[in-house]
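Participant:
Numbering (the numbering used here), first residue to last: -19 to 249.
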């Protein structure tokens, strides 16, 4: 491998499907792929921030597997809506356990996360100040979580504008960019729907499917410019399947291992 080539990792959003990022990180680490820059959106921001801080993929896996269905469900602290049904205080407490209360300049690997300005629709790249606050903004799924006010702007989930922040990690200085997308394609959604009997959707079903469809369309644009794209097979999982952590992490690890030859080739060119 050419040591002078800097590798950037762009981790995409996907709620529970983002657990697959842990498996991808495990595969990259196991094969000696050194990450020089990381950028993440939503769930990708969580995994990316933890890795940038120096938390090992194995430790992240252990943390994810230690949580049961009730633990995940208890994070939904529903209250009086302030731009979202879930206040996000419990989520923030969990993020503090995963990431800690650190500043961007304290991270072991340069990191940035993406949020979206609710009023202007602009991409907001956050790489200064509190990592915890930045990630909380990046995961603020509209209507679900309360919005985050930062520097006079009201921020929501970065997936609205940039699902896999390939451009961000490229601008950070990466020569080789690895993009990780955990959102199933619309084609795979169509096949899955045809293979089973669909049911009358509830409000939560409508919300998650609308988000998935929107993300599936925006991710195509986001991945442009990536040297290598890793697509863990998440077709059989929903954005709420946090209890399927073991399987999702495995899918990420398998996809990561399959991508190693392509990454090594990109480094040699």
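A virtual CB, placed ideally from N, CA and C, is assigned to each residue, including glycine. Computed from a prediction, not measured in an experiment: that's the story for all the values here.
1. Roughly how many whole angstroms lie between the Cα atoms of residue 250 and residue 0?
2. Could you check what DSSP says for residue 35 in three-state terms: helix, strand or coil?
3. Residue 262 lies in the alpha helix (DSSP H); which residues open and close that run?
4. Closest to residue 192 by CA distance: which of 210, 219 and -2 is it?
5. Is the Cβ-Cβ distance between residue 115 and residue 186 less than 8 Å?
6. Helix, strand or coil for residue 138, going by three-state DSSP, please let me know.
7. If you draw a straight line from the C-alpha of residue 195 to the C-alpha of residue 143, how long is it?
8. Shorter than 8 Å from the beta carbon of residue 95 to some beta carbon of chain C?
9. Along the chain, which unbroken stretches of the alpha helix (DSSP H) at least 4 residues long are found entirely within the region -13 to 16?
10. Distance check for residue 80 and residue 98, CA to CA, integer angstroms please.
11. Starting from residue 78, trace the alpha helix (DSSP H) both ways and give me its first and last residue.
12. Considering just the uninterrupted stretch of the beta strand (DSSP E) at residue 129, what are its terminal residues?
13. Residue 117 to residue 127, Cα distance in whole Å?
14. Quick check: the region 69 to 87 against the region -12 to -2, are at least 3 beta-carbon pairs closer than 8 Å?
15. Within 10 Å of its beta-carbon, does residue 37 have 16 or more other beta-carbons around it, so buried, or fewer, so exposed?
16. Measure how close the beta-carbons of residue 229 and residue 11 come, nearest whole angstrom, since I'm counting them as under 8 Å.
17. Please report how far the alpha carbon of residue 153 lies from the alpha carbon of residue 45, in whole angstroms.
18. Let me confirm a value: residue 6 is counted as buried when at least 16 other C-beta atoms fall within 10 Å, else exposed. Which label applies?
19. Return the first residue and the last residue of the alpha helix (DSSP H) that residue 115 is part of.
Facilitator: Taking the definition as stated:
1. Here the chain covers residues -19 to 249 and nothing more, so residue 250 does not appear.
2. coil
3. Only positions -19 to 249 of the chain appear in the structure, and residue 262 is not among them; the question remains open.
4. 219
5. no
6. helix
7. 7 Å
8. In the structure shown, chain C cannot be found, because there is only a single protein chain.
9. 0 to 10
10. 27 Å
11. 69 to 79
12. 128 to 130
13. 7 Å
14. no
15. buried
16. 16 Å between Cβ atoms; not a contact.
17. 34 Å
18. buried
19. 111 to 118
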